[in-house]
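The structure under discussion appears below in the form of structure tokens.
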Amino acid sequence: MAKGRVAFDRDLCKGCGLCVSVCPEHMLELDTATINRKGYHPAHVVEGREDDCIGCALCAVMCPDQVITVEKF
Ligand code: SF4
Ligand code: SF4
Numbered sequence: 002m003a004k005g006r007v008a009f010d011r012d013l014c015k016g017c018g019l020c021v022s023v024c025p026e027h028m029l030e031l032d033t034a035t036i037n038r039k040g041y042h043p044a045h046v047v048e049g050r051e052d053d054c055i056g057c058a059l060c061a062v063m064c065p066d067q068v069i070t071v072e073k074f
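Residues in the sequence shown are numbered consecutively from 2, following this note's numbering.
Quick look at the structure:
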């Protein structure tokens, strides 16, 4: 199985949740404990799920604000 790693430019996120709903690994969520510079709960990786990313990049493709970078390895 391919592996990947996702990074979020957190302050660009508008909390729309598209990346959360599209991830086939269900490893993303909105961070309700945080408010970013735009005033939204930004998306992030669920704690402890960092290694579950398969590098499909669906989250990055869906994101309307280019918040997400996917590294494949
Ligand atoms: S690259 Fe794919 S598996 Fe990894 S977080 Fe994004 S949607 Fe989920
Ligand atoms: S799709 Fe982009 S803007 Fe929407 S919650 Fe995910 S990272 Fe934030």
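Glycine is no exception: its CB is placed at the ideal position from the N, C-alpha and C atoms.
Cβ-based burial, residue i [other Cβ within 10 Å; buried from 16]
i   : result
I36 : exposed
F9  : buried
V62 : exposed
V44 : In the sequence as displayed, the identity of residue 44 is Ala instead of Val. Classification of A44: buried, given that the 10 Å Cβ count is 16 or more.
Beta bridge counterpart(s) of residue i as assigned by DSSP
i   : result
G5  : K73
V46 : L29
Reference residue i, options the options, closest by Cα
i   : options               : result
H27 : F74, D52, L13 and A34 : D52
V71 : M63, G56 and P65      : G56
C32 : K4, I69 and V46       : For clarity, residue 32 is Asp in the given sequence; the question names Cys instead. Closest by alpha carbon: V46.
D66 : K4, M2, G5 and L13    : L13
R11 : E48, G5, K39 and S22  : K39
A34 : R50, G16 and S22      : G16
V68 : A3, G49, G18 and K4   : G18
Y41 : G49, R50, E48 and E30 : E30
Distance between beta carbons of residue j and residue i, contact taken as under 8 Å
i   : j   : result
C64 : C24 : The Cβ separation is near 11 Å, so there is no contact.
C54 : R6  : 6 Å
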